[in-house]
Each structure stands twice: as C-alpha cells, then as structure tokens.
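Quick notes on the structure that follows.
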Amino acid sequence: MKSTKEGDVLIFEPEGRIDGTNARDVETAFLDKVRGGELVILVDFSEVDFISSAGLRVLLMVAKEVKARSGRIELCSMRDYLKEVFEVSGFNAIFQIHEARSDGLASLS
0 MKSTKEGDVL
10 IFEPEGRIDG
20 TNARDVETAF
30 LDKVRGGELV
40 ILVDFSEVDF
50 ISSAGLRVLL
60 MVAKEVKARS
70 GRIELCSMRD
80 YLKEVFEVSG
90 FNAIFQIHEA
100 RSDGLASLS
C-alpha cells in the first residue's frame, strides 16, 4: 500500500478492494507505521473500489491504536457508495470523512 508524507501528515493510499483477502496485510502496513511513530494519518480512498466488514474492522483496529497513542486518523476522497457503507455501518460517527484530500490535510495540519 502506497504512503506519502505531507508535513506531519502520513497519507495512506489503498487501492482496489479492502476485504478478507488483504485485510491482514493492510492492517500490518497501517500498524507498522503507527507503531513507528506516525500518529497523524489521512487515508485517501480515491482508488478504493470496495470495503468489506473485514476492511472496516481493520480501520477500527487502526483507529483504536492511533487514539490510544493520542494521534488522529481521518479519511478522504471516498466514492458515494463507500460513504453509504460507512453511514449504514455507523463508521461515519467514528471517522471524520472529507470530500477532498486538501480538506483532510487542512483538518489535520
């Protein structure tokens, strides 16, 4: 999974599907960075086509780890049908979701 840094913000850019086939790899990638001290994270969903319950679980686990370390994690650039998944699951109450990457960066900076 691609990640870049803009100022103090680590931007994760997952692609394709986040589901049972790759959830563990995605979780490991996130947690390695968090445990390495990256505590201000923006997840850019612009290239994500699908997220399953396994993918949602990964985000929840990462959010718990980030918050336990007094960090922040926010999401951006989500397609409408993915926003719907977050709304139906209640995850929109857990994560701040921004329309654009620039909005997320402004919020976290």
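Each residue of the sequence shown is one higher than the one before, starting from 0 at the first, in numbering that gives the first Met the number 0.
Each residue gets a CB set at the ideal place from its N, CA and C atoms; glycine is no exception.
- Query: Between Asp-24, Ser-52, Pro-13, which lies nearest to Ile-40 when the distance is taken from Cα to Cα?
  - Reply: Of the candidates Asp-24, Ser-52, Pro-13, the one whose C-alpha sits nearest the C-alpha of Ile-40 is Pro-13.
- Under 8 Å between C-beta atoms of Phe-11 and Val-57: Going by C-beta atoms, Phe-11 is not nearer than 8 Å to Val-57.
- What is the residue span of the beta strand (DSSP E) that Gly-15 lies within? 15-17 is the span of the beta strand (DSSP E), which, as asked, contains Gly-15.
- Item | Delimiting residues of the beta strand (DSSP E) encompassing Glu-98 | First-last for Glu-98: undefined, no H or E at that position.
- Query: If Ala-22 and Ala-53 are in contact, beta carbons under 8 Å, what's the gap, nearest whole angstrom?
  - Reply: That belief holds up - the Cβ atoms of Ala-22 and Ala-53 are roughly 4 Å apart, short of 8 Å.
- Secondary structure of Asp-24, DSSP reduced to three states: Asp-24 carries a helical assignment under DSSP once its states are collapsed to helix, strand and coil.
- Query: Between which two residues does the beta strand (DSSP E) harbouring Asp-150 extend?
  - Reply: Within the shown structure, residues of the chain are numbered from 0 to 108, placing residue 150 beyond reach of any answer.
- Task: Go to Phe-49, then tell me how far its alpha helix (DSSP H) extends in each direction, as first and last residue.
- Result: Phe-49 -> not in any alpha helix (DSSP H); beta strand (DSSP E) instead, spanning 47-50.
- Message: Rounded to the nearest angstrom, what separates Val-65 and Arg-71 at their Cα positions?
- Response: In a straight line, the C-alpha of Val-65 is about 6 Å away from that of Arg-71.
- According to the neighbour-count rule (16 or more other Cβ atoms, all chains shown, within 10 Å of its Cβ), is Gly-89 buried or exposed? Flag for Gly-89 reads exposed.
- Message: Spatial neighbours of Lys-4 within its chain, please: C-beta separation below 8 Å, excluding the five flanking residues on both sides.
- Response: Within the same chain, Lys-4 has close Cβ partners Ile-10.
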